[in-house]
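>
Number of protein chains: 2
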Amino acid sequence: MKAEAEGTVQTETRQTQQRVAIHDAFSSERRPLSPQEALEVAQRTVPGLGIATVYRAIKRFVSDGVLVPVELPGAASRYELAGLGHHHHFQCRGCDRVYDVEGCPPRIAELAPEGFELEAHEIVLHGLCADCSETTSATT
Amino acid sequence: MKAEAEGTVQTETRQTQQRVAIHDAFSSERRPLSPQEALEVAQRTVPGLGIATVYRAIKRFVSDGVLVPVELPGAASRYELAGLGHHHHFQCRGCDRVYDVEGCPPRIAELAPEGFELEAHEIVLHGLCADCSETTSATT
DNA sequence: CAGATAATGAGAGGGCAGTATCATTAGAGC
DNA sequence: GCTCTAATGATACTGCCCTCTCATTATCTG
């Protein structure tokens, strides 16, 4: 996987422990992470990791098609692994984490007004995730 | 409408032409406006209007329940008149304006994973509004 | 009309997300 | 191990959204 001879290689892209740790953060958490969250997770592996490196790595992963941006209301951009298929998100107001949710209600297209061209849609659920819901409702 | 005797009145709330113009901007446009958009619309009536005044007025309107915030991915906060009932939004990628859309697909609640407490949801449609769609597809 | 003061406008300031800089570190190939 | 250089980390910096400050203006009441 060197460089297919040509000059399309902008840089050599070394496999550093930082980059590996950042990528692992996304694959282990399995939910959209903000750069800050990714930093915290990856720092468990690489303590000295700096935020600038996280931004750089994410940028690279996105342009390589490894990550895709997930934009949610209010919050900063998050990113998740590409190739997950169509899905939506649930944002917990307790811990502020974002989770993927499967499925998509029918008739979405019918919402668009006459004359409008619908190209994409996005559904964001809000509430409490399982963890926060437990804590709040004092189960025991 | 003075002040019901007590001390609940923080300030007197004068009816200034600026504040009227800002409120009118929201009622005439009938769609969520960012402070910047509101500024531009209101400046047609009050040319010298400053952005700080718009922020101040919006803040006041929100705390008075006249406006409600509309948070959309990426973009800055927008606001719209309160009391419009449940609805969603369409954001045009051409002009970046946001429109209200009626209706709401069924089964939304079923999307939430087990154990999650769904409290609210939000649907954002993306694409081209009627105006931009026309322009793009070169009608004639 | 006059007085009291809320509101305004312009610009400075604060906070935060993200980027650029640069000396130092550490991958990758030999 | 050694060289080359991409990558890193710390920090300065930019850009943007929004708030604060304060001298001036305009609204409201009597």
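Line by line, the protein sequences give chains X and V. If you count the first sequence from 1, position 25 lands on 25 in this note's numbering, and the numbers rise without skipping. In this note's numbering, each residue's number is its place in the second sequence (first place is 1) plus 1000. For every residue, glycine included, the Cβ atom is placed at its ideal position computed from N, Cα and C.
Are any of the Cβ atoms in chain V nearer than 7 Å to that of ALA82 of chain X?
no
> Starting from PHE980 of chain V, follow its DSSP beta bridges and name the residues at the other end.
The question about residue 980 of chain V has no answer, for chain V in this structure spans 1001 to 1140.
> Go ahead and pull the three-state DSSP assignment for ARG56 of chain X.
helix
> Check the DSSP bridge columns for GLU80 of chain X and list the partner residues they point to.
X:VAL68
> Who are the Cβ neighbours of PHE967 of chain V in its own chain at under 7 Å, not counting the five residues just before and after it?
The structure shown does not extend to residue 967 of chain V, since chain V is modelled only from 1001 through 1140, so no value can be given for it.
> Check the C-beta distance from ALA82 of chain X over to GLY103 of chain X and give it rounded, since I have them as a contact under 8 Å.
The pair is not a contact, with the Cβ atoms about 20 Å apart (cut-off 8 Å).
> Chain X partners of TYR1099 of chain V, CB-CB under 9 Å?
Those within 9 Å of TYR1099 of chain V in chain X are PRO113, PHE116.
> With a threshold of 7 Å between beta-carbons, can HIS121 of chain X be considered close to chain V, or not?
yes
> Drop a sphere of 10 angstroms on the beta-carbon of CYS1095 of chain V, count the other beta-carbons inside from all chains shown, and report buried for 16 or more, exposed for fewer.
exposed
> For ALA1042 of chain V versus LEU1033 of chain V, is the C-beta distance shorter than 7 Å?
no
> Look up GLU1134 of chain V in the DSSP assignment and say whether it is helix, strand or coil.
helix
> Chain X partners of ILE1108 of chain V, CB-CB under 9 Å?
Result: PRO105, ILE123, LEU125.
> Rounded to whole angstroms, what is the Cα-Cα separation between SER27 of chain X and LEU1039 of chain V?
44 Å
> Between X:ASP100, X:HIS126, X:VAL46, X:PHE61, which lies nearest to GLU29 of chain X when the distance is taken from Cα to Cα?
Checked all of X:ASP100, X:HIS126, X:VAL46, X:PHE61; the closest Cα to GLU29 of chain X is X:ASP100.
> Could you tell me which chain V residues have their CB closer than 7 Å to the CB of HIS129 of chain X, listed as they occur along the chain?
First, the residue type needs correcting, since residue 129 of chain X is Cys and not His in the sequence shown. Here the neighbours are PHE1116.
> What residue from X:PRO47, X:ARG19, X:HIS88 has the CA that sits closest to VAL62 of chain X's CA?
X:ARG19
> At the level of alpha carbons, what is the spacing between THR1136 of chain V and THR1013 of chain V?
46 Å
> Does any CB atom of chain V fall closer than 7 Å to the CB of SER133 of chain X?
yes
> Suppose you measure from the CA of GLN1015 of chain V to the CA of LEU1111 of chain V; what does that come to, to the nearest Å?
46 Å
> Answer with yes or no whether the minimum CB distance from LEU1039 of chain V to chain X is below 7 Å.
Taking CB atoms only, LEU1039 of chain V has no neighbour in chain X less than 7 Å away.
> Just by C-beta distance, which residues in the segment 59 to 75 of chain X are closer than 8 Å to chain V?
GLU71, LEU72, PRO73, GLY74
> Where does HIS86 of chain X land, buried or exposed, given buried means 16+ other C-beta within 10 angstroms?
exposed
> Around the C-beta of GLN17 of chain X, are 16 or more other C-beta atoms found within 10 angstroms, so that it is buried, or is it exposed?
It counts as exposed.
> Give me the chain X residues within the contact set of PHE1026 of chain V, using Cβ-Cβ distance strictly less than 8 Å, ordered along the chain.
Per Cβ cutoff of 8 Å: no residues; PHE1026 of chain V is ~19 Å from chain X at best.
> Rounded C-beta distance between GLU146 of chain X and GLY1127 of chain V? I'm assuming under 8 Å.
Lying outside 1 to 140, the shown extent of chain X, residue 146 of chain X is not represented and no answer is given.
> With respect to the alpha helix (DSSP H) encompassing SER1027 of chain V, which residues constitute its N-terminal and C-terminal limits?
Segment 1017 to 1029, the alpha helix (DSSP H) holding SER1027 of chain V.
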